[in-house]
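**Q** This is the structure I want to talk about, given as structure tokens.
In this note's numbering, the protein residues as written are 1 to 235.
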């Protein structure tokens, strides 16, 4: 049987020609059976780092995300690519919930999205023990750190649940991690491999203007907008 490379999967299943910086390094670690932490800026392609391995690995990839709207968007996008994915969240009724668990149990799902609070449900934890979880991806992983700006106690338990469900590897993802926060993430999940990509964006220019009065602020804003040749964001 011919082995398919990550690049072939990228091109044939996801429709991209090349990897973005850092993606291939993370994916290679995961496919080698190792865990990893990835710190990428927003919009740099963090999701592909678990979606592509999910296609190549046996078993199911479990994605933990606190953002319900993002779960739905990603499930819809994956199904458009022909990748079987589902989510378990509060919007599902009991019949839909049971159907998702049935698909996971029978090996029909490649990716399952859940919120961290889902692990507080004993029925879900029991069900999870019957699945083969080849990869557990933790999005917004900075929430695990008390030093982070958005600490969530439920995140601290995720490393225990990863062990309990037999997750074969863990991927921690964030766009917001100081060195201290990244240390915490890696310590909690027992991760040695770290991949961080630059946050500098050459297509963006950042500037600050000091004003003495509210009237000057408005005048300066009007003048700045007159001079702009493209889009701008004003804080």
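Glycine included, each C-beta is placed from N, C-alpha and C at the ideal position.
Residues bridged to residue 12 by DSSP?
**A** According to DSSP, residue 12 bridges with nothing at all.
**Q** Spatial neighbours of residue 176 within its chain, please: C-beta separation below 6 Å, excluding the five flanking residues on both sides.
**A** Within the same chain, Cβ atoms closer than 6 Å to the Cβ of residue 176 are found at 142, the five residues on either side in sequence being excluded.
**Q** Give a yes or no on whether the C-beta atoms belonging to residue 178 and residue 40 are separated by under 9 Å.
**A** no
**Q** Exposed or buried, what is residue 22 when buried is set at 16 or more other beta-carbons lying within 10 Å of its beta-carbon?
**A** buried
**Q** In whole angstroms, what is the alpha-carbon distance linking residue 132 and residue 64?
**A** About 16 Å.
**Q** Just the Cα atoms here: how many angstroms apart are residue 2 and residue 228?
**A** Because residue 2 carries a pLDDT of 48, less than 50, the predicted location of this residue cannot be relied on, and the following value inherits that uncertainty. Going by the C-alpha atoms only, they are around 54 Å apart.
**Q** Mind pulling the beta strand (DSSP E) runs of 3 or more residues that sit fully within the segment 26–104?
**A** 36–39, 60–64, 85–88
**Q** My guess is that residue 194 and residue 37 are in contact by the Cβ rule of under 8 Å, so how many angstroms apart are they, rounded?
**A** 5 Å
**Q** Looking only at DSSP bridge pairs, what is residue 194 linked to?
**A** 37
**Q** Distance, Cα to Cα, residue 99 vs residue 210?
**A** 58 Å
**Q** Are the segment 24–33 and the segment 77–88 in contact at 8 Å, needing three or more beta carbon pairs?
**A** Put simply, the segment 24–33 does not touch the segment 77–88. Fewer than three CB pairs are less than 8 Å apart.
**Q** For residue 72 and residue 46, I'd like the C-alpha separation in whole angstroms.
**A** Straight-line Cα distance between these residues: approximately 16 Å.
**Q** Pick helix, strand or coil for residue 2, following the three-state DSSP scheme.
**A** Its pLDDT being 48, under 50, residue 2 is placed unreliably in this model, and the coordinates cannot settle the point.
**Q** Looking at the secondary structure, which residues open and close the alpha helix (DSSP H) in which residue 185 lies?
**A** 179–189
**Q** State buried or exposed for residue 108, treating a residue as buried only when at least 16 other CB atoms are found within 10 Å of its CB.
**A** The residue is exposed, with fewer than 16 neighbouring Cβ atoms inside 10 Å.
**Q** Comparing alpha-carbon positions, which option in 206, 74, 135 lies nearest residue 162?
**A** Closest option to residue 162, Cα to Cα, is 135.
**Q** I'd like the list of long-range same chain contacts for residue 118, defined as Cβ closer than 7 Å, with 5 residues on each side in sequence excluded.
**A** 88, 124
**Q** Please list the terminal residues of the continuous alpha helix (DSSP H) segment that includes residue 235.
**A** Neither: residue 235 is in no alpha helix (DSSP H) and is coded neither H nor E.
**Q** What is the DSSP secondary structure of residue 208, counted as helix, strand or coil?
**A** coil
**Q** List the residues that DSSP assigns as beta-bridge partners of residue 137.
**A** 63, 171
**Q** Which whole-angstrom value describes the C-beta separation of residue 191 and residue 172, a residue pair presumed to lie in contact below a C-beta threshold of 8 Å?
**A** 6 Å
**Q** Please name the residue, chosen from 120, 234, 183, that lies closest to residue 206 on a Cα-to-Cα basis.
**A** 234
**Q** Kindly identify the DSSP beta-bridge partner or partners of residue 112.
**A** 62, 86
**Q** Within 10 Å of its beta-carbon, does residue 102 have 16 or more other beta-carbons around it, so buried, or fewer, so exposed?
**A** exposed
**Q** Exposed or buried, residue 44, counting other C-beta atoms within 10 Å across all chains shown (16 or more means buried)?
**A** buried
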